[in-house]
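Working notes, beginning with the structure itself.
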Amino acid sequence: MTAWLELSAVAEPEAADAVAEVFGRWGRGVAVEQPVRDAPDGDGGWVDPRRNVVVKTYLPLDEDAERRRRLLEEAVWHLGRLRHVESLQTRALAEEDWAHAWKRFFFPHRVGRRLVIVPSWRRRARAPADLVIRLDPGMAFGTGLHPTTRMCLALLEEHLRPDERVLDFGCGSGILSIGAARLGAARILALDVDAIAVRVAQENVRRNRVIRRVRVRQGTVGTDGLVEDGPTPGSAGVPPASVGG
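Just so we're aligned: the sequence shown equals residues 2 to 246 in the working numbering.
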């Protein structure tokens with residue numbers, strides 16, 4: 002089993018995307034831990050947008066690890082001159098399946114009035130009006146915790162009309178496409194350029210039994226054969242559901 006280094010930096014929310022971009026350039030995968038507070042009624046939780054987040058990436062302990070670590074350390078130092086970003090922290094990981102260790106901290110949470118995101122490995126009692134999205138994001142973006150994703154889901158709940166068509170750009174885990182299907186969309190075309198995201202989205206679509214309405218493909222607008230029988234950009238009644246998962 003390959004040994005790994007975990008590298009992390011505490012950052013203010015406004016700097017999290019910049020740190021994640023740097024980590025994604027030289028690291029293997031990026032995770033953002035956001036503080037979640039329990040809801041007053043005990044029903045799930047909500048992300049506190051005012052508190053600092055922890056951005057993490059991982060490096061295999063090989064001959065290139067130290068060079069990459071130094072590059073990341075220097076980049077984090079420079080970001081810290083612009084915004085509140087604390088110094089890079091490094092720790093060796095025990096020999097465990099670290100790719101799944103984060104699942105211990107991913108809990109069911111409500112978005113909007115009716116949508117409830119439930120990790121596929123957890124159980125949760127549902128209210129009669131709940132629209133449940135069972136999700137395993139794997140290595141794809143889209144857990145429902147990021148403010149952009151939550152706002153997109155809330156807007157879909159507010160504005161999507163039954164039997165409309167939806168075009169989901171950068172579908173990631175497929176969370177927005179599945180949410181649109183739960184809310185009554187007739188047809189959804191989910192696109193992503195990343196093969197891993199496409200595979201994860203397809204698995205989540207099958208998990209939620211919406212495969213007849215959600216079509217997941219690798220590519221983007223202009224890719225031959227993708228949109229001739231699906232929603233087309235700019236056509237009437239096609240709200241864009243996503244710009245990044």
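Note that beta-carbon positions come from the ideal geometry of N, C-alpha and C, so glycine has one too. Note that the structure is a prediction, hence the values are computed from the model and not measured.
Pair within 7 Å by beta-carbon distance, L1 and E7: No statement about residue 1 is possible, as the shown extent of the chain runs from 2 to 246 and does not include it.
Determine the DSSP secondary structure at Q203, reduced to helix, strand or coil. Assigned with DSSP and collapsed to three states, Q203 falls in helix.
Residues of its chain near L132, where Cβ-Cβ distance is below 6 Å and the 5 sequence neighbours each way are ignored: R115, L116 and R183
Cβ shell of W5 (< 7 Å), same chain only, five flanking positions each side left out: Y59, L60, P61, L62, L94 and W99
If we require 4 or more residues per run, which alpha helix (DSSP H) segments fall completely within the region 43-91? Entirely contained in the region 43-91, the alpha helix (DSSP H) runs reaching 4 residues are, in chain order, 66-83.
Which same chain residues, not among the five before or five after L89, have their C-beta less than 7 Å away from its C-beta? L8, A10, L73, E74 and V77
Need the endpoints of the alpha helix (DSSP H) that I212 sits in, please. Per DSSP, I212 belongs to no alpha helix (DSSP H) and is neither H nor E.
According to DSSP, H110 sits in a beta bridge with which residue or residues? I118
Tell whether a beta-carbon distance below 7 Å holds between A16 and R84. yes
Considering only C-alpha positions, which residue in the set R151, T91, G81 and V215 is nearest to H110? R151
Inter-residue Cα distance where the pair is T91 and A198: 28 Å
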